[in-house]
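Top line first, the protein sequences correspond to chains G and P. Here the first sequence is numbered in my numbering, starting from 1 and rising by one per residue. Here the second sequence is numbered in my numbering, starting from 1001 and rising by one per residue. For glycine and all other residues, C-beta sits at the position ideal for the given N, C-alpha and C.
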Amino acid sequence: MNTTTSPAAAAGAPVDAALPKVRVDYLPLLLVPVMALVMLPLVGSFPTWVTLTFAGLAMGMMIFIMASGLTLIFGLMDVLNFGHGAFVSVGAFTATFVLLPMKGWMEADSALMNLAVVGLAILLAMLVTGLLGWAFERIIIRPVYGLHLKQILITMGGMIVAEQLIHVIWGAEQIPLPLPETFRGAFILGDAAVEKYRLIAVAVGLTVFLTMFLVLNRTKVGLLIRAGVENGEMVEALGYRIRRLFVGVFMAGSALAGLGGVMWGLYKETLTAAIGGETTVLVFIVIIIGGLGSVGGCFIGALLVALTANYAGFLAPKVALVSDILLMVAVLLWRPRGLYPVAKR
Amino acid sequence: MLTTLLSGDFPRSRALSVLLLLVLVGLALAPFLVHGARALNVAATICIFVVLVASYDLQLGYTGIVSFAHTMFYGIGAYGVGIALHAMGPGWGPVALGTAAALAISLVLALVIGLFSLRVRAIFYAMITLAVAAAFAVLASQLSDITGGEDGRSFKVPEILQPSFRLMDGEILGRAIDGRVVTYYLVFASALALFLLMLRIVNSPFGRVLQAIRENDFRAEALGYRTVVYRTLANCLGALVATLAGVLMALWLRYVGPKTTLSFEVMTDILLMVVIGGMGTLYGAVVGSALFILAQNYLQALMGQASEALSGVPFLSQLFHPDRWLLWLGVLFVLSVYFFPTGIVGKLRAGALARSQKSP
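Below is the structure:
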C-alpha cells in the first residue's frame, strides 16, 4: 500500500493547523537486514556469510552509484535514458588514460600514491562523463522532452553510437585494469576474509549516498530538485529556471555513472565495451525495484539485488543467472510501482 | 480480390507500389534470378525478417509499446524447433511439436510480462523486457545441456528440406530443384501468408483500436476500450508471430545459436529496420528489411574497401572498418528518428498525397 503522504491531504488541511507529520515508510528499510539474517542459517558458516554479505554490499554500492543518477534524472525530467550505460563505459575507459600511463604509481607500494592516481582517474572520468552528459542532453534529449517513445529510441541509438565509438577510440580488445598495489588483498576478521577493495567501494558508495541525501534534503538546490520531481511547472511558475536544473542534474547523474564505471572496471579488473550493456540491465532492475525516481528506493534496491546475486551465486549457481529477475518479480508483486513509488509517476 | 488480399490497405504511392512489387517478384523468383548459396541466403533472410519486423511494428508502430524482448520470442521459436529436431531426429513430428511448444512458451511469457508491466506505463515495459531478454540470453548460453550453450545446436531437418534431396531430375533455369529450393519456398510462402495475416489484423477494427491507443490511450480508455487488454493482446500476437519467424529461421539455417537469434545486435537490427522502413505501416517492414539486409550483406564489403583505402590514416580507417558498421547505423538511426520519423514509406506516401492534392 502507498503509505507516503498524499499532497491532497496536506493541501486540504486548514492553513494554521500544523502540517501532518510525514509518515516514513519503514517496511522496505527492513528488507536488507532481514534478507541478510534469513540467509545466515542457509549459508551455514558464519565467516562465509560475512564474506558474502560484504561482497554483496560492495557490489550494491557500486550499482547504486551508477543507478542513482538515472533514477534522479527520470524523477526530475521524466526522461528515461537508455544510454545511461554508455556513460558508465565511457567513464571506465576514460580512467585508462590515467591508470595505464601511470602504471608506476599504481604498482608502487604506497597507499598515498595509489589513492592519488585512482583519485585523478576518477576526477577525469567524472569530468569527461559530466561534459558528455551536457552534450548528450543538448543534442540527443532536448528535442524529445515529453515524447517517451522517441526518447527510448533516441537514447538507445545514442548508446549504440557511444559503444561503437569506444571501439574506435580504445580498440575492440579487452583492457586489463589491475588494482593498485595497496588495494589488493583482504583483511582477515576472525575467520572471514574481507577484500580491501570492497571496503573502499562501500566507503565510496556510502559517501555518495550521504552526500546526495544531504544535498537533496538540506540545501536549496536539493529543495528545488525535490520540488521539480513533485511538480516541475510550479517550480517554473515560482521563477526558477527548471531547464538549468535539468542540465545540472543530468550532468551530475552522468558524472556519477562515470564514477560507478571506474569503480566497476577496477572491481572486474578488465574492461570491455560490453560493460555499458551489462550494467544497464542491472541498473534498470535496481531502479524498477526501488520505484522510478526514488533515490532511497534505488539505494535499497541496489543492495537487495547485489546481496541476492551473491547469496544465490553461493547457494544455487544456476538460479543466480535469473535471481535479479525473480527478485524484481517478487518486489513488483508486493508493490507494483516499486518500493518507494514517487507520487505522480 | 486484391482488396481482400491486402485488406484494403493499399500502398497509396506509385513509387512504393513499384518498390513493393520489386521486392515481391524478386523474392518469389530469387532461386532462379540469382545463383549461389549466399544470394539465396540473403533472400531467405529478407523473407524471415519481413515477418519479424512486421510483428515488431505491430507493437511499436501500431500500439506504441517498445519491447526489447522481441528477439527472445524469435529465439524461443528457433530453439523450440532446433532442440526438438536435435533430440528426436529429423521428421515433421518434431517440427510440429517444437513449434507448438515454442508458441505455448512464448504466449505464456508474453502474457505474464504484459500483465506485469503494461498496466503501469509504456516505459516500464521497455525496461522490464530489456531485463527479461538479457536474463533469457544468459540462460540460453548457460544451460548448455539443453541449448548447446554458446555453440548452439546443429540439426537435421526433414528429408524433403535437406540439400541432398531432389524434387525432380534436371534443372529449371540452371538451378537444380533441391531441398534448399523447397525450403526457400516454404519460407517464402509462410512469410507471405503471415504478412498478409498481419495486414488483415492491423486493418481490422481491432487494429484501429490499437492505433487509437497509440495516439491517445487516455481517450481510448474513455471510449470504453480496455487498453490493458488490447495492449496485452497486441503484445501476445507480436510475440507469436515472432516465434513463427524463429521457427522459419531455424528450418532455413539448420542451426540455432545465441548469436543468430538472441543477441542484442539482432534487436538493434530489428529496431533499425522498423524505423528506417517506417513505423506504423507494415509495408515499412518490407522496405526496411529488404534494404537493410541487402546493405548489410553488400555494403559492408564496400566499407572494407574504404577502410583499406584509408589504411594510412589512423582514425579514419578505424571509423570505416567493417566491424564499425553498427556505428554508422546508429548515427543513421538517431538521425532518422529525428528528421524522418515516418520512415521511407511515410515519406513516399506523404509525397504522393501532396501531389494528388495539388492536381485533383
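About 6 Å separates the beta carbon of Ser89(G) from that of Ala273(G), a gap short enough to meet the 8 Å contact definition.
Short of 7 Å from the beta carbon of Phe183(G), and not among the five residues preceding or following it, lie these beta carbons of its own chain, in chain order: Asn114, Lys196, Tyr197 and Ile200.
The three-state reading of DSSP puts Gly185(G) in coil, since its state is none of H, G, I, E or B.
A check of alpha carbon separations from Met251(G) across Ser110(G), Gly133(G), His148(G) and Phe74(G) identifies Gly133(G) as the nearest.
As the crow flies, the alpha-carbon of Tyr1225(P) is around 8 Å from that of Val1209(P).
Taking 8 Å as the upper bound for CB-CB distance, Cys1236(P) and Leu1139(P) are not in contact here, some 21 Å apart. Restricting attention to Leu1262(P), Leu1194(P), Ile1177(P) and Phe1165(P), the CA atom closest to the CA of Asp1151(P) is found in Leu1262(P). Counting only unbroken stretches of 4 or more residues, the alpha helix (DSSP H) elements lying wholly within the segment 219-292 of chain G are 220-230, 232-237, 242-268 and 275-290, in sequence order. Ranked by Cα distance from Ile1128(P), the options Phe82(G), Leu123(G) and Thr308(G) are led by Phe82(G). The Cβ-Cβ distance between Ala1306(P) and Phe1292(P) does not fall below 9 Å.
Here Cys1047(P) has Leu1027, Val1187, Phe1188 and Ala1191 as same chain residues with Cβ atoms under 7 Å from its own Cβ, once five neighbours each way along the sequence are excluded.
Against chain P, a Cβ distance below 7 Å from Lys150(G) picks out Val1337. Residues of the segment 67-90 of chain G whose Cβ lies closer than 8 Å to any Cβ of chain P, in chain order: Leu80 and Phe82. When secondary structure is reduced to three states using DSSP, Pro41(G) falls in the helix class. A Cβ-Cβ separation of about 6 Å places Leu1020(P) in contact with Val1286(P) under the 8 Å criterion.
Taking each of Gly276(G), Gly293(G) and Met159(G) in turn and checking the Cα distance to Ala92(G), the smallest one comes out for Gly276(G).
Look at Tyr1255(P) here: in three-state DSSP terms it is strand.
According to the DSSP secondary-structure assignment, Ile1172(P) is paired through a beta bridge with Arg1175(P). Neighbours of Asp1323(P) in chain G, taken as residues at a C-beta separation under 8 Å, are given in chain order as His167 and Ala172. Sixteen is the threshold: when 16 or more other Cβ atoms of the shown chains lie within 10 Å of the Cβ of His1086(P), as they do, the residue is buried.
Here Ser1204(P) is exposed, its C-beta having fewer than 16 other C-beta atoms within 10 Å. Ranked by Cα distance from Gln1162(P), the first of Ile1177(P), Phe1010(P), Ile1172(P) and Arg1038(P) is Ile1177(P).
Identification of chain G residues near Thr1268(P) by a Cβ-Cβ cut-off of 8 Å yields Met156 and Ile160, ordered along the chain. Only buried fits His84(G), as 16 or more other CB atoms lie within 10 angstroms of its CB. Interface residue (Cβ-Cβ distance to chain P less than 9 Å): Ile300(G) is not classified as such. Across the set Tyr145(G), Ala108(G), Ser110(G) and Leu149(G), the C-alpha of Leu149(G) shows the shortest separation from the C-alpha of Ala1122(P). When CB distances to chain G are screened at a threshold of 7 Å, the residues of the segment 1131-1146 of chain P falling below it are Ala1131, Val1132, Ala1134, Ala1135, Val1138, Leu1139 and Gln1142, in chain order. When rounded, the separation of the alpha-carbon atoms in Glu107(G) and Gly185(G) is 14 Å. Under the criterion of beta carbons closer than 8 Å, Thr129(G) and Ile140(G) do not qualify as touching, at roughly 14 Å. Setting aside the 5 residues that flank it on each side, Val118(G) is surrounded in the same chain by Pro180, each with a C-beta closer than 7 Å to its C-beta; the list follows chain order. It is roughly 20 Å from the alpha-carbon of Arg1153(P) to the alpha-carbon of Ser1164(P). The count of Cβ pairs closer than 8 Å, one atom from the segment 1062-1071 of chain P and one from the segment 1321-1332 of chain P, stays below three, leaving the stretches out of contact. Straight across, the Cα-Cα distance linking Leu153(G) with Ala125(G) is about 26 Å.
In chain order, Leu1348 place their CB closer than 6 Å to the CB of Ala1015(P), counting only its own chain and leaving out the 5 sequence neighbours on each side.
Under the Cβ distance rule, Phe1340(P) does not count among the residues neighbouring chain G, no pair being separated by less than 9 Å.
Excluding residues up to 5 positions away in sequence, nothing lies with its Cβ nearer than 7 Å to the Cβ of Arg1038(P) in the same chain.
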